[in-house]
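Written below as structure tokens is the structure these notes are about.
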Amino acid sequence: MSPLKQLMAWLFGTLYIAGLPVLGQSYKYQSGPDFATVDAPILESKCLQCHNPNILKGEFSMATKEDILAAEDDFLIPGNAEDSMVHWITLPFEGEPPEMPNEGEPLSDNEAALLAEWINAGAHWPDGLVLKDVLA
Ligand code: HEC
326 MSPLKQLMAW
336 LFGTLYIAGL
346 PVLGQSYKYQ
356 SGPDFATVDA
366 PILESKCLQC
376 HNPNILKGEF
386 SMATKEDILA
396 AEDDFLIPGN
406 AEDSMVHWIT
416 LPFEGEPPEM
426 PNEGEPLSDN
436 EAALLAEWIN
446 AGAHWPDGLV
456 LKDVLA
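For our numbering, add 325 to where a residue sits in the sequence shown, where the first one is 1.
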């Protein structure tokens, strides 16, 4: 190898290795906020009180992803927060307060954004995680 080619090979090798953690980060970002630590507590404190296997307001539970998906097609559409009812129903609309939660504190802007990010990133829900009514 010529010295120039050697230099190029070294440079690309270094950039490649240095680039891996950066790619790792962007992958992490695309996977959205961590559901168990970020989104689950929001839903548990603001939704589970009325949407759990014992208290099925609106005739559905939000205890598991399967429960939500089994309710109506448009309640949770992984990858599409805008059309997912569990998200848009928490937003103020045309000057009206959000429909949900229909009692208690509404989601903060930040909480609503974190919910949207999680749905847009594919709504990953760890296997076996069952949400509970933390206010009970
Ligand atoms: C204090 C009780 C209460 C809380 C807390 C609550 N809900 Fe509801 N929810 C209801 C009731 C009652 C209904 C059914 C009547 C209605 O549609 O207003 C309902 C219905 C719904 C529906 C179905 C609406 C439809 O028209 O089919 C969705 C989606 C929903 N809730 C999402 C949420 C989300 C997301 C949260 C948390 C941010 C939440 N709810 C918190 C009481 C609650």
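Ideal Cβ positions, reconstructed from N, Cα and C, are used throughout, including at glycine.
* Roughly how many angstroms lie between the CA atoms of L432 and A461, to the nearest whole one? -> Your numbering for residue 432 matches position 107 in the sequence shown. Your numbering for residue 461 matches position 136 in the sequence shown. When rounded, the distance between both Cα atoms is 19 Å.
* If we call anything under 8 Å between Cβ atoms a contact, is A437 one with L416? -> In the sequence shown, counting from the first residue as 1, residue 437 sits at position 112. In the sequence shown, counting from the first residue as 1, residue 416 sits at position 91. Taking a C-beta distance under 8 Å as the contact criterion, A437 and L416 qualify as a contact pair.
* To do: Would you check whether the ligand HEC has a heavy atom nearer than 7 Å to the C-beta of K371?
  => Translated into the one-based positions of the sequence shown, residue 371 becomes position 46. Annotation for K371 indicates a beta carbon within 7 Å of some heavy atom of the ligand HEC.
* To do: Kindly indicate the opening and closing residues of the alpha helix (DSSP H) around M410.
  => Residue numbering aside, residue 410 sits at position 85 when the sequence shown is read from its first letter. Here the alpha helix (DSSP H) through M410 covers 410-413.
* Using a threshold of 7 Å, is the CB atom of K382 nearer than that to any non-hydrogen atom of the ligand HEC? -> The residue you call residue 382 lines up with position 57 of the sequence shown. For K382, the Cβ falls inside the 7 Å cut-off from some heavy atom of the ligand HEC.
* Asked: Can you tell me where the alpha helix (DSSP H) with N445 in it begins and where it stops?
  -> Start at 1 with the first residue of the sequence shown, and residue 445 comes out as number 120. Here the alpha helix (DSSP H) through N445 covers 434-445.
* To do: Would you be able to state if there are at least three C-beta pairs under 8 Å between the region 359-369 and the region 438-446?
  => By the Cβ criterion, the region 438-446 is in contact with the region 359-369, since at least three pairs of Cβ atoms, one from each stretch, lie closer than 8 Å.
* Asked: Looking at the structure shown, is E421 part of a helix, part of a strand, or coil, going by DSSP?
  -> Position 96 of the sequence shown, counting from 1, holds the residue named residue 421. Note: E421 maps to strand in three-state DSSP.
* alpha helix (DSSP H) containing E391: first to last residue? -> The count along the sequence shown starts at 1 and reaches residue 391 at position 66. Residues 390-396.
* In three-state DSSP terms, what is L381? -> Here residue 381 refers to the residue found at position 56 when the sequence shown is read from its first residue. In the structure shown, L381 sits in a strand (DSSP, three-state: E or B).
* Hey, would you say L456 sits closer than 8 Å to E384, going by beta carbons? -> Along the sequence shown, one-based indexing puts residue 456 at 131. Along the sequence shown, one-based indexing puts residue 384 at 59. No, Cβ-Cβ distance for L456 and E384 is not below 8 Å.
* Is it the case that the Cβ atoms of E430 and K371 are separated by a distance below 8 Å? -> As a working mapping, residue 430 is identified with position 105 in the sequence shown. As a working mapping, residue 371 is identified with position 46 in the sequence shown. Closer than 8 Å, so yes.
* Asked: Going straight from the alpha carbon of V411 to that of G453, what length do you get?
  -> In the sequence shown, residue 411 corresponds to position 86, counting from 1. In the sequence shown, residue 453 corresponds to position 128, counting from 1. About 21 Å.
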